[in-house]
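A.B. asks: Just so we're aligned, residue 258 is where the sequence shown starts under this note's numbering, counting upward by one. I'd like to ask some things about the structure below.
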Amino acid sequence: MGTAQQHDRRAAGRRLLSLFSAAAVTFAAGLTFVTGAAPAAADPIEQCTPTHGAVVAVDFGPFGGGVVRGCDTTPTTGYELLRDGGFTTEGTQHDGEGFICRIGTASFNSGTRYPTPATEDCVLTPQATAYWSYWIASPGQSSWSYSPLGAMDRKPKAGDVDAWVFGGTDVGGSTGRPTFTPDDVRAGGGATPSPTPTDGPSVPVGKIDVPAAARWVSEQLHDGSHVVDEGSETPNHFLTTEAAYALAAAGGKSPALDKVVAALASGTTEYAYPAGPEEAPDAPAAARLALVAAVTEGDPRAFGGRDLLGDLEKNVCASGPAPGCTAKGDFRGAAYGDGQALAVLALLRGGVVPPADAVTRLTQLVCEDGSVTSILIGPGEHCDGDPMTTGLVALVLDEAGGQDAAVAKMVAYLKKAQLRSGAFPPYNGATTGSVVATAYAAQALRALGEARAADAAVWWLSREQLADGGFGFDEGAESAALYATAPAVLAGTGTSLVTLTTKAPEPTDPPTTPPTTPPTTAPPTTPPPAGDGPDLKKAVAYLTSPANLQQGRYYAAGGSTTRADFGLTIDGAFALAATGHDNDALRTVVDFLDKGGKDGEARTVHDWTNVGSAHAMGGSMGKAAVLAQVVERDPRDFGGKDLIAGLADAVCTAKSPQPDRSCADKGAYAYAMSVFGQSLGVIAQIRAGETKAAEAPIGYLAGLQHTATGAWPSLVPPTGDADVDSTAMAAMALDLVPGDTHAGAVDRALAWIASQQLPDGGFPGAAGNSVNSAALAVQGLSLDAGKYGAQIAKARKFLASQQNADGGFNVAKEGQRGSDLRASTQAVGGSTGISFGVLTRSLEGTTPNPVPSPSASAPVIVTPGDSAGSAGGPGIVDTDGPGGGSGGGGGLAATGGQALGLAAAAAVLVLAGWGAVVAARNRRSAVGGGL
């Protein structure tokens, strides 16, 4: 199902979906630490070096201990690093060993695992303010990042450092972070040396063919005046502004540019005032148009009949968080760092001194390492930046003046982030270049006096220019994109949005050194599958392959476990139902669930839903019931249980008093602590003809919508975030309600989803440019396919670009490569555009597949009735220290939970007791066993 479900919460390494309010963890530098023993599997700490092996550290501070670190010279996953690094774990009764509930080590208190049963029974998922959170740092990084992947999915590289901290985190990761630095526990006790010279790579000077790029840009204009998405006649104003910047940089003032500017002026109200001409503008859109006016010597106070600068000035947030405002100084609705920066720049170029708070907000986006985060995080929230945003914000703050220290810090980051090829990666830790990031970084470095580094970046860009003159997004791209080509043109002409004008630039001397043999770079990426969308037959083959679908019956929870991940299994069934490409495989999975089939631990699907028990989970029951309805089985007798009656019994009549966390509020389903879980329950009840019984849950779900934007949060009770995945799911649920009562809410939701689409067609999610978010957006927008056809087509192309050779899909465009089951199930079903409210697939005439012969590595699955010494920082203890041995800690479980990095920002379907979700784009994750 959706991101959310994928993100129940994370276990064994699966990242807890949302970042919750945390109890502070105190780390006393002067505390005396006990040196203890490690399990026999732990490698000596000195064998882990900056270029060999990885280190894991666990903070036992909340339990009276200290920070203990371990080494694994050959880690395969983050979970195995924890295990082989000398720690033992214990899961929950509901989720099994896949959800890490306790951690212990022989180095502390004789191996006792914490928290102890006296404070946490580990029956359901632990409370959101008291769980083991998972943090990571790559070589060279001096601060921690909340892992976008679960420990079972993360593959540590040489020199990586992982940390586990007990407590909780809020939606921004500003609380509950490790109180020690990566360098404190890193191999050798120090930072990894920078892989690049500080003054830029030694590469030849290169030159971009600007006229060819300008010709390509002109060819993208419909009627010579505006850009449209493929298959649409509606202007894409965003990309049209990019075209205007490129044409201005390439040729100065011209009739062709005048025509584009006129088209933008005529569409000003439509583009910059989507809420209505009397409402606040969309700040990034208004800023882009104001910059077009400034660049072309027009008047941004009378552009398209609007005073763009005045409207920007009037809509700076006086406080926050509040609707449309993350913090004081935000331009209302800006949401992203580039939007804030462009709005400040628009005022500067219009001769207006920007509000001091607006400039201060840009400085608050500068992370510890000098990078700038792309998201308008709140002050003090977890910060993880990227070169593109850093380059833009450095330019703007330099122009604003008075921010020399911040600008110097950003320049230092950019010089360190530059790859030896001259390129800049799209995000920290990536090893291949991004055209957009490299172009913005080159603009900034040249303007700020770093000519050598800028020349190296432009040389790399020149090598990435395609035969048609355009540029693709990534290194080795084979098709051009306007959003990538425009900033490359500016970089190639030595200008930026700060200085760009239609007055032709002064001629410059040609490079004295011609290009020579290029440096070694990674090979071009494999082109995406042919066609407008993913290859669904190939994707279904991946989902049903014996390596993934255990005995053809279920997906395992991860690792070598024989425990079923029932939530993921149902996700796979939804995907098969949506495509119809392997109905026998679908029949096999459904029969396993419906006929009481047991996994390798003798558990059935109702050991996951808990229907009929005190811990019955509304979201899980709803999900199982919807599957029954999709395949025309009886949800009142599915797996021998009445799921519809269970849902009715799970409707809360009031908010439960603490410490009981079963009911978020009146109308919520018990233990459905996410919009995903609530939406599934609503869909199941309505599809069962129980609309009357669902009135309270429907009302509660509708009441969670942000009135100002139309978006939904990920968690219930709401935390103020806005999430694409959850909004799409809630829209599907409310669209199913008879009558027009919620039609307006659905319309606003779809408009908001469409507004979040990224230039390449993707959508922001927890792990970045997320496959799950794009797939759910397609499903949501398909509720009005006539209006949003262009956005749907772009999103499907994005999904196709993330499909791998084996048929599966990446978690996100950024980060770790490789097919992920959870992302793949959502990509397959979502790309069809069929809402969970109406999805149907008859199993008439199908035959369940026979059970394969058992082997030593495959569990036998039965379906009743089926014929067929420390060098680290102060206070750090090593698991292989003096007194080594194997006692005390108990045996470490050999299984772990699979997680999907999808991190909030999306939602958890549920719901291992407390399905949590990350609130924002790059801050979400999940745990199996959940919805």
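Backbone N, C-alpha and C define an ideal beta-carbon position, used for all residues, glycine too.
#1: So which of Val324, His309, Ala363 has the shortest CA-CA distance to threonine 333?
#2: Let's test the definition: count the other Cβ atoms within 10 Å of the Cβ of valine 610 and tell me whether it reaches 16, buried, or not, exposed.
#3: Among Met645, Thr630, Ala375, which one has its Cα closest to the Cα of glutamate 638?
#4: How many Å lie between phenylalanine 423 and leucine 757 at the Cα?
#5: With a Cβ-Cβ cutoff of 7 Å, do valine 1134 and valine 325 count as a contact?
#6: Distance check for isoleucine 940 and phenylalanine 1235, CA to CA, integer angstroms please.
#7: Buried or exposed for aspartate 982, please, with buried defined as at least 16 other CB atoms from any protein chain shown within 10 angstroms of its CB.
#8: Based on Cα-Cα distance, which residue from Thr525, Glu656, Gln477, Leu602 lies nearest to tyrosine 740?
#9: Would you identify the three-state DSSP class for valine 973, choosing helix, strand or coil?
#10: Please state the DSSP three-state secondary structure of glycine 934.
#11: Specify the secondary structure class of proline 1116 as computed by DSSP and reduced to three states.
#12: Take glutamate 570 and list the residues in its own chain whose beta-carbon comes closer than 8 Å to its own, dropping the five residues that flank it on each side.
#13: Can we say the segment 800-817 touches the segment 828-837, given the rule of at least three CB pairs closer than 8 Å?
#14: Compare the Cα-Cα distances from alanine 470 to each of Ala738, Gly335, Gln621 and report the closest residue.
#15: Return the CA-CA distance between alanine 696 and serine 719, expressed in angstroms with no decimal places.
#16: Among Ser1081, Phe495, Lys898, which one has its Cα closest to the Cα of alanine 599?
#17: Can you give me the C-alpha to C-alpha distance between tyrosine 371 and leucine 338, rounded to a whole angstrom?
#18: Could you tell me if proline 512 is buried or exposed, where buried requires 16 or more neighbouring beta carbons within 10 angstroms of its beta carbon?
#19: Return the residue from the list Asp712, Cys305, Ala1080, Gly318 that minimises the CA-CA distance to glycine 1064.
#20: Going by C-alpha distance, which of Cys328, Ala842, Ser736 is nearest proline 1105?
#21: Of the choices Asp595, Gly596, Gly586, Arg359, whose alpha-carbon is the least far from that of threonine 617?
#22: Report the rounded CA-to-CA distance for alanine 713 versus valine 668, giving the unit in angstroms.
#23: For leucine 904 versus glutamine 942, is the C-beta spacing smaller than 7 Å?
#24: In angstroms, rounded to a whole number, what distance separates the CA positions of valine 1108 and leucine 806?
#25: Using only alpha-carbon positions, find the residue among Ile360, Asp626, Lys666 that is nearest to serine 402.
#26: What's the gap between the Cα of isoleucine 955 and the Cα of threonine 330?
#27: Exposed or buried, which one is threonine 583 when buried takes at least 16 other CB atoms within 10 Å?
#28: If contacts are defined as beta-carbon pairs under 8 Å, then serine 489 and glycine 1046 qualify, I think. What distance do you get, rounded to the angstrom?
#29: Do the CB positions of glycine 607 and serine 628 come within less than 7 Å of each other?
#30: Alpha carbon to alpha carbon, how far is phenylalanine 823 from arginine 860? Give it in angstroms, no decimals.
#31: Specify, as a first and last residue, the run of the beta strand (DSSP E) that phenylalanine 849 falls within.
#32: Residues in its own chain within less than 6 Å of leucine 622 by CB, not counting five upstream and five downstream?
#33: Are the CB atoms of threonine 759 and glycine 555 nearer to each other than 7 Å?
#34: Taking buried to mean at least 16 other C-beta atoms within 10 Å of its own C-beta, is arginine 1074 buried or exposed?
#35: Assign glutamate 303 to one of two classes, buried (16 or more other C-beta atoms within 10 Å of its C-beta) or exposed (fewer than that).
#36: Does the separation of the CB atoms of alanine 1136 and glycine 397 fall below 7 Å?
C.D. replies: On the basis of the data shown:
#1: His309
#2: exposed
#3: Thr630
#4: 50 Å
#5: yes
#6: One cannot answer for residue 1235 here, as it falls past the ends of the chain, which runs 258 to 1188.
#7: buried
#8: Gln477
#9: coil
#10: helix
#11: Note that proline 1116 scores a pLDDT of 41, beneath 50, so its modelled location is shaky and nothing firm can be said.
#12: Leu604, Val609, Pro612
#13: yes
#14: Ala738
#15: 11 Å
#16: The question names alanine, but residue 599 in the sequence shown is leucine. Nearest option by C-alpha distance: Phe495.
#17: 19 Å
#18: exposed
#19: Ala1080
#20: Ala842
#21: Gly586
#22: 15 Å
#23: yes
#24: 12 Å
#25: Asp626
#26: 52 Å
#27: buried
#28: 7 Å
#29: no
#30: 10 Å
#31: Not the beta strand (DSSP E): phenylalanine 849 falls in the alpha helix (DSSP H), residues 840-851.
#32: Gly594, Val629, Thr630
#33: no
#34: exposed
#35: exposed
#36: The sequence given here places threonine at residue 1136; alanine does not occur at that position. Not in contact: threonine 1136 and glycine 397 (Cβ atoms no closer than 7 Å).
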